[in-house]
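Reading through the structure tokens given below for one structure.
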Amino acid sequence: MDYQEEQNQELEVLESIYPDELTVVSNTFPKIEFEVRLPLDLVPLDSSSFTADSLTKDHWVVINIKLPETYPETVPIITLSAEHERKAGLKSDGDDANQDESDKEIEYDDHGNPLEAKLENLPDQVAFEDHLNVLESQVESQAEEDMLVGMQMCFALVSWLKEACERYFQEKLADFEREHDRKLAAREKEEQKKFHGTKVTPESYLAWRARFREETGRNDRDAARRKEAHGGKLTGRQIFEQGLDGSEDVEENE
Numbered sequence: 001m002d003y004q005e006e007q008n009q010e011l012e013v014l015e016s017i018y019p020d021e022l023t024v025v026s027n028t029f030p031k032i033e034f035e036v037r038l039p040l041d042l043v044p045l046d047s048s049s050f051t052a053d054s055l056t057k058d059h060w061v062v063i064n065i066k067l068p069e070t071y072p073e074t075v076p077i078i079t080l081s082a083e084h085e086r087k088a089g090l091k092s093d094g095d096d097a098n099q100d101e102s103d104k105e106i107e108y109d110d111h112g113n114p115l116e117a118k119l120e121n122l123p124d125q126v127a128f129e130d131h132l133n134v135l136e137s138q139v140e141s142q143a144e145e146d147m148l149v150g151m152q153m154c155f156a157l158v159s160w161l162k163e164a165c166e167r168y169f170q171e172k173l174a175d176f177e178r179e180h181d182r183k184l185a186a187r188e189k190e191e192q193k194k195f196h197g198t199k200v201t202p203e204s205y206l207a208w209r210a211r212f213r214e215e216t217g218r219n220d221r222d223a224a225r226r227k228e229a230h231g232g233k234l235t236g237r238q239i240f241e242q243g244l245d246g247s248e249d250v251e252e253n254e
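Position 248 of the sequence shown, counted from 1, bears residue number 248 in the UniProt record's numbering, the numbering being contiguous throughout.
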């Protein structure tokens, strides 16, 4: 196999496929190197609460490819990086920070709490950097799995990497939404506790009533009122309880 011929031919084909996205770093055999900067088509799953219009940033994956001397019988060396920037026509982060608070449309729930879904854009929180390291480690196994070794494989690998990034975005956003919903449900449960309180039973009510009367001094006040109502005299029950029913005086007189 004429490796130089194979590599030169493939580079020409790739330049025609990616006229604006491909940049040649070196076209000298055996150190041919180029990179492809591809925009990612990020679309949330149909089950998501978000749409593609929810994103405020455009994302790219930059695929750097170095062809070994024995390519295509050897898998190319691929390194990945991610880029993003604010979508055209949208305010920058600095503009948002300076926006008057009264102009922000924040919605609240039935308990007066701000709705978190209105305060954060989950799609913009998806980052690709960590996943790109995973993809780099899978390039060789992917080439072998698709039986690409021995043939021109750069286009197939570039397509696979782009699709893998877009699929990762969908899966990561779904994870974020599930965690977001879990937190909202937990907070809602805590809010509901304020309205349910502790269940009251006859026993708990009587115990509370006894503590309340003792702490507020109502028992003493009621006793004073009863005494006053009887002209300052003790009631029969009080006389009996205090052992002052006169029986001792009778015994002494006898």
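All residues carry an ideal CB built from backbone N, CA and C; glycine is no exception. Since the model is a prediction, treat every value here as computed from it, not as a measurement.
- Ranked by Cα distance from Met1, the first of Ala127, Leu40, Lys193, Tyr71 is Tyr71.
- Rounded to the nearest whole angstrom, the C-alpha separation of Ala224 and Phe212 is 18 Å.
- Taking the CA atoms as reference points, Trp60 sits about 51 Å from His196.
- In this structure, Leu45 keeps its C-beta atom at 8 Å or more from the C-beta atom of Ile32.
- Look at Asp58 here: in three-state DSSP terms it is strand.
- Rounded to the nearest angstrom, the Cβ distance from Leu80 to Leu161 is 7 Å, consistent with a contact under 8 Å.
- In this structure, Val62 lies away from Val149, with their beta-carbon atoms at least 8 Å apart.
- In chain order, Phe34, Glu35 place their CB closer than 7 Å to the CB of Thr23, counting only its own chain and leaving out the 5 sequence neighbours on each side.
- In the DSSP assignment, the residues bridged to Glu33 are Ser26, Lys66.
- Secondary structure at Ala82: strand, using DSSP grouped into helix, strand and coil.
- Cβ atoms of His84 and Asp53 stay farther apart than 8 Å, at about 16 Å.
- Of the candidates Ala156, Pro39, Pro202, Ala156 places its Cα closest to the Cα of Ile65.
- In this model, Asn121 and Lys199 are separated by some 40 Å (Cα to Cα).
- DSSP places Leu14 within a helical segment (H, G or I) once states are collapsed to three.
- Taking a cut-off of 8 Å on C-beta distances, the segment 122–138 does not touch the segment 13–29, as fewer than three cross pairs fall below it.
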